[in-house]
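J.: Heads up: the sequence shown begins at 1170 in my numbering, then just goes up one per residue. Just so you know, even glycine gets a beta-carbon here, dropped at the ideal spot from N, CA and C. I am attaching a structure below and will ask some questions about it afterwards.
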Amino acid sequence: MDIHLSTCRKNKAAILWEGEPGDTRTLTYQQLSVEVNRLANALKSLGVKKGDVVGIYMGMVPETLQAMLACSRIGATHNVVFGGFSAEALRDRLLDSKAKILLTQDGAYRKGTASALKGAVHGILDQVPSLQNVVVLKRTGQETPMKEVRDLWWHDLISGRSTECKAEGFDSEHPLFILYTSGSTGKPKGILHTTGGYLTQARFTTRHVFDLKDEDVYFCTADVGWITGHSYLAYGPLMNGATLLMYEGVPTYPAPDRLWSMIDRHQVTIFYTAPTAIRSFMRLGDEFPNRHRLSSLRLLGTVGEPINPEAWMWYQRVIGKKRCPIVDTWWQTETGAIMISPMPGAIATKPGSATLPLPGILADVVTKEGKPCKANEGGLLVVKHPWPSMLRTVFGDPERYTKTYFSDFKKQKWYFTGDGARKDKDGYFWIMGRVDDVVNVSGHRLGTAEIESALVSHPKVAESAVVARPDDLKGSALIAFVSLKSQVSSGTPDLPSIQEELKAWVSKEIGPIARPDEIRFADALPKTRSGKIMRRLLREMVTTGKTSGDTSTLEDFSVLEKLRSSEED
Ligand code: PRX
């Protein structure tokens, strides 16, 4: 922040913000710095010190960015938890990271209503022994339960605080933040990013991939609860002294042209969003973007999932008016910043390809044995050399870090991404999606094991296996195979109502983003001799639709029985 305060950017808009109901706020770099300092001093007054973990469970309001910056200013490590996660998911992340303070808000506006944040998690916070205080921002004014002494109102806490707070110097390897992401076991991983390397690559890539100029208005639609919100809503743009546009609510409120109207009103020049969003805009029809000129746009970006060429072409034609280059950026929570992406104007694009690794990034596609793949041969995406913003560990679980990322190519010491990919004859990378048990639903990363463990914690469920099926809109849809406990299945269970009950259960346990699209019942799940569920078969079944039909009837896997012996363990 401070580097901008001694330049003419001091009075430049850092954040242009729109609330969902239509209220707006603008914060210059100077004003943002004052707010960050006041909050940093307030956190200090609560005893927050270097290395303490501060949980942030907030929506898309400027205070969320202030919270992240205030933490980094005093050396506290922030742990932002996506506001769409359930109370249980928040609790687990606060417990694992041993958070001392939680910053949250009374509620946030979504789809025209004020939905509770603090109120939705209040009851569970007593289960986090490390938590000393909960600071609540008043956004909606809705009734909010507060626990005496522990819970404080944000405005009271910052009131009267000094607007000066020295930015302390820390080692480049000092932990900046933990961000939980899904892996192939039931427990999310706390990805740890440190200060120097992360900030360097976030700053470099924002500047060069988005060709960022002082005159730009940069709009990234990602929620701050995901890595894109960290690197390309908060840190990257602000370090570069950009003007960013931040929006609180859903893209279709009050009408399906909300984003396009914002682009015109704020004269947005750079727009960064996810393929799922593009596909849903496409489905809504050209009529909505066509109501607006969109003439300020000069560069478009996508992230989070492979973009199908049809969506790419639509984005280029209807939003970019064939005038704007598209940067398809491949990266991960673990990589911290963009790794494979065109540099606009310098690298020719091909619809559906993230093109080439950025300078200094040694990415490749190799066979399981580590041999280079031939042109267009599918293989595994690896990174052969460290990069500045790489994750440093899995918080509290260094073994999992080594095992997950460095055991597949141990000898070579390569980082394995978990993605499949191919390179074409020009060396362009085409990402083919995850090859592990991680799925991408509407650009949200979920672990099938996480959903399975939520399902088996339901009293009626004996066993479950969750697989993904390709979905035109969401990228993947979640199909859960469930076998019910015998005392339930031996009666005459009302299967459709159990389906609804289980879907709601997963929403409550993890969050609505993890709600299965379909629940199918099975007497037993197909397994290998050693008892591993044969997910490959289930995946095939839901993809080819071979045993579709009434989803509430019990599936009979006896036909698959004979395959057991041929399946490798
Ligand atoms: O499968 C890849 C997909 O998203 C995964 C990473 O998810 P997450 O850690 O949540 O980070 C998303 C935002 C960076 C990757 O392993 N992915 C991300 N970007 C792309 C992509 N797949 C294809 N093309 C992309 N541009």
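Output the boundary residues of the alpha helix (DSSP H) element that contains CYS1542.
T.: From DSSP, CYS1542 is part of no alpha helix (DSSP H); its letter is neither H nor E.
J.: Counting Cβ pairs closer than 8 Å, one from the region 1478-1485 and one from the region 1503-1510, do we hit at least three?
T.: The region 1478-1485, when compared against the region 1503-1510, does not touch it at the 8 Å Cβ threshold.
J.: Any heavy atom of the ligand PRX within a distance shorter than 6 Å of the CB on ARG1603?
T.: Answer for ARG1603: yes, Cβ within range of the ligand PRX.
J.: Among residues of its own chain, excluding the 5 on either side of GLU1546, which ones have a beta-carbon nearer than 7 Å to its beta-carbon?
T.: Contacts found: ARG1591.
J.: Going by C-alpha distance, which of LYS1643, LEU1321 and TYR1422 is nearest TYR1278?
T.: Closest option to TYR1278, Cα to Cα, is TYR1422.
J.: Could you name the residues of the same chain whose beta carbon sits closer than 7 Å to that of LEU1463, not counting the 5 residues immediately before and after it, in chain order?
T.: TRP1429, ILE1432, ASP1433, ILE1488 and LYS1490.
J.: Going by the beta-carbon positions, is the gap between ILE1600 and ALA1683 smaller than 7 Å?
T.: No; because the gap between Cβ atoms is not below 7 Å, this pair is not in contact.
J.: Pick out whichever of THR1412, ILE1439 and ALA1403 has its Cα sitting closest to the Cα of LEU1368.
T.: Among THR1412, ILE1439 and ALA1403, the Cα nearest to that of LEU1368 is on ALA1403.
J.: Counting beta carbon pairs with one atom in the region 1186-1205 and one in the region 1214-1221, are three or more of them shorter than 8 Å?
T.: The region 1214-1221, when compared against the region 1186-1205, does not touch it at the 8 Å Cβ threshold.
J.: Flag ALA1443 as yes when its Cβ comes closer than 6 Å to any non-hydrogen atom of the ligand PRX, and as no otherwise.
T.: No.
J.: Could you name each continuous alpha helix (DSSP H) segment of 4 residues or more that falls completely within the region 1213-1237, going from the start of the chain to the end?
T.: The region 1213-1237 contains no whole alpha helix (DSSP H) run of 4 or more residues.
J.: With three or more C-beta pairs closer than 8 Å as the rule, is the region 1306-1320 touching the region 1261-1270?
T.: The region 1261-1270 is not in contact with the region 1306-1320.
J.: Using 10 angstroms around the beta-carbon of ALA1236, count the other beta-carbons present and answer buried if the total reaches 16, otherwise exposed.
T.: Result: buried.
J.: Hey, is VAL1474 close to the ligand PRX, as in C-beta under 6 Å from one of its heavy atoms?
T.: The sequence given here has Glu at residue 1474, not Val. Under cutoff, so the answer is yes.
J.: Mapping DSSP to helix, strand and coil, what is THR1573?
T.: Helix, per DSSP.
J.: For GLY1473 and HIS1554, I'd like the C-alpha separation in whole angstroms.
T.: About 23 Å.
J.: From this set, THR1412, SER1284 and SER1241, which residue's C-alpha is nearest PHE1254's C-alpha?
T.: Per the Cα distances, SER1284.
J.: Measuring only the C-alpha atoms, how far is SER1717 from ASP1606?
T.: Low local confidence applies: a pLDDT of 43 at SER1717 is under 50, so the model's placement there is unreliable, and no value is given.
J.: Any idea what DSSP makes of SER1717, helix, strand or coil?
T.: Per-residue confidence for SER1717 stands at a pLDDT of 43, beneath the threshold of 50, marking its modelled position as unreliable; the derived number appears in the next sentence. Coil.
J.: Strictly by DSSP, which residues pair up with GLU1532?
T.: First, the amino acid is wrong: residue 1532 is Ala here, not Glu. DSSP, once it has assigned bridges, lists VAL1552 as partnering ALA1532.
J.: Confirm the yes/no value for this check: CB of TRP1429, any heavy atom of the ligand PRX, distance under 6 Å.
T.: Every heavy atom of the ligand PRX is 6 Å or more from the Cβ of TRP1429, so no.
J.: Can you say whether LEU1466 is buried or exposed, counting buried as having 16 or more other CB atoms within 10 angstroms of its CB?
T.: Classification of LEU1466: buried, given that the 10 Å Cβ count is 16 or more.
J.: For THR1309, collect the residues of the same chain with a Cβ closer than 6 Å to its Cβ; drop the 5 residues on either side in sequence, then sort them by chain order.
T.: Excluding sequence neighbours, THR1309 sits near ASP1275, GLY1276 and ALA1283.
J.: Using only the alpha-carbon positions, how far apart do THR1617 and GLY1355 sit?
T.: Using only the alpha carbons, I get a separation of about 8 Å.
J.: Cβ atoms of PHE1578 and GLY1740: under 7 Å apart, would you say?
T.: With the chain running from 1170 to 1738 in the structure shown, residue 1740 is simply not present.
J.: Return yes when the C-beta of ARG1614 is under 6 Å from any heavy atom of the ligand PRX, and no when it is not.
T.: Result yes, Cβ under 6 Å from the ligand PRX.
J.: Using a 10 Å radius around the Cβ and a threshold of 16 neighbouring Cβ atoms, would you call ASN1609 buried or exposed?
T.: Buried: at least 16 other Cβ atoms inside 10 Å.
J.: For LEU1185, is the classification buried or exposed, using 16 other Cβ atoms within 10 angstroms of its Cβ as the cut-off for buried?
T.: It counts as buried.
J.: With C-beta atoms as the reference, is ALA1523 less than 7 Å away from ILE1507?
T.: Going by C-beta atoms, ALA1523 is not nearer than 7 Å to ILE1507.
J.: I'd like to know if the region 1332-1349 and the region 1233-1252 are in contact, where contact means that at least 3 CB-CB pairs between them fall below 8 Å.
T.: Counting Cβ pairs under 8 Å, three or more are found: they touch.
J.: Identify every run of the beta strand (DSSP E) within the region 1336-1360, keeping only runs that are complete inside it and at least 3 residues long; order them along the chain.
T.: Fully enclosed beta strand (DSSP E) runs of 3 or longer: 1344-1350.
J.: Taking the alpha-carbon positions, what's the GLY1418 to PRO1406 distance?
T.: Computed Cα separation, rounded: 20 Å.
J.: Given that a residue counts as buried once 16 or more other Cβ atoms are within 10 Å of its Cβ, and exposed if not, what is GLY1292?
T.: It is exposed - the Cβ of GLY1292 has fewer than 16 other Cβ atoms within 10 Å.
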